[in-house]
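Those sequence lines, one after another, are chains A and B.
Counted the way the working numbering counts, the first sequence spans residues 96 to 213.
Counted the way the working numbering counts, the second sequence spans residues 20 to 130.
This report refers to the structure that appears directly beneath it.
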Amino acid sequence: NAGVTQTPKFRILKIGQSMTLQCTQDMNHNYMYWYRQDPGMGLKLIYYSVGAGITDKGEVPNGYNVSRSTTEDFPLRLELAAPSQTSVYFCASSSPGQGPSSYNSPLHFGNGTRLTVT
Amino acid sequence: EDQVTQSPEALRLQEGESSSLNCSYTVSGLRGLFWYRQDPGKGPEFLFTLYSAGEEKEKERLKATLTKKESFLHITAPKPEDSATYLCAVLIKAAGNKLTFGGGTRVLVKP
């Protein structure tokens, strides 16, 4: 049971380089998210998607782009890497809940990509 | 502004020494409060959801409670395998299905 799979696990980039962080889920979840986690700062939402073809900005979208062409995949693109983007990136997915708690289904997270920009 | 604050930042416990973690929030229109556990090098793993003040949920040595301003995660007679970072997150009515996370509490349980 794979759940949410992120690749690569680690990456070192030079300033100005670009890369794509991959995320795929096999739970047929509609909602997918990208978070970054900095030490002691909790998780900050970068972008999210409520379904294929639909994406929206979170709290910290600057410097990132996303696309959602399929239900399973939600890649995150860094175009011009900067040292401020050094972080651990987590992808997550969830499904719409049922009834009165329709927004409250828990997130399923991948194991993260540790990115260093030097 | 919606805020979620966790305390303490770090907690060192002896095995069997019970303690509590705090998650205080100032949000408008709480829809739910979530607790997650995160092991080093891993993604957060869901523990509990609490929806209304007075609600309690338990899982093994963990018990989560909720008031109108804060939530507590009680760890009873912890074991070394309870060592992890514990994250709380809130879901507010105005934010759709997007969670706001606190900074986490790192718990270390020594044998």
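Every residue gets a Cβ at the ideal spot worked out from N, C-alpha and C, and that includes glycine.
Contact with chain B by A:Leu171, beta-carbon distance below 9 Å: no
In DSSP terms, what A:Ile107 is bridged to: A:Thr211
Chain A within 9 Å of B:Gly73, Cβ atoms only: It does not: the Cβ of B:Gly73 has no partner Cβ on chain A nearer than 9 Å.
B:Lys129 versus B:Glu34 - alpha carbon distance: Distance from the CA of B:Lys129 to the CA of B:Glu34, rounded to the nearest whole angstrom, comes to 6 Å.
CB of B:Leu111 within 9 Å of CB of B:Leu66, strictly: Residue identity differs from the one stated: residue 111 of chain B is Ile in this sequence, not Leu. For B:Ile111 and B:Leu66, no; Cβs fall outside 9 Å.
The region 146 to 157 of chain A in contact with the region 109 to 124 of chain A per 3-pair CB rule at 8 Å: The way I'd put it, the region 146 to 157 of chain A doesn't touch the region 109 to 124 of chain A; fewer than three beta-carbon pairs between them come closer than 8 Å.
B:Arg31: first and last residue of the uninterrupted beta strand (DSSP E) it sits in: Ala29 to Gln33
B:Gln22, enclosing beta strand (DSSP E) - first and last residue: Run containing B:Gln22: Gln22 to Ser26, per the beta strand (DSSP E) assignment.
Beta-carbon proximity list for A:Gln117, same chain, < 6 Å, skipping 5 on both sides: Correct list, in chain order: Thr102 and Pro170.
Within chain B, the residues that A:Asn157 reaches when beta carbons sit closer than 8 Å: The premise fails here: A:Asn157 is roughly 17 Å from chain B at the closest Cβ pair, so nothing lies under 8 Å.
Within-9 Å CB hit, B:Glu28 to chain A: yes
Residues near B:His163 by beta carbon distance below 6 Å, same chain, minus five either side: In the structure as shown, chain B begins at 20 and stops at 130. Residue 163 of chain B is therefore absent and cannot be evaluated.
Per-residue DSSP class, three states only, for B:Ser39: strand
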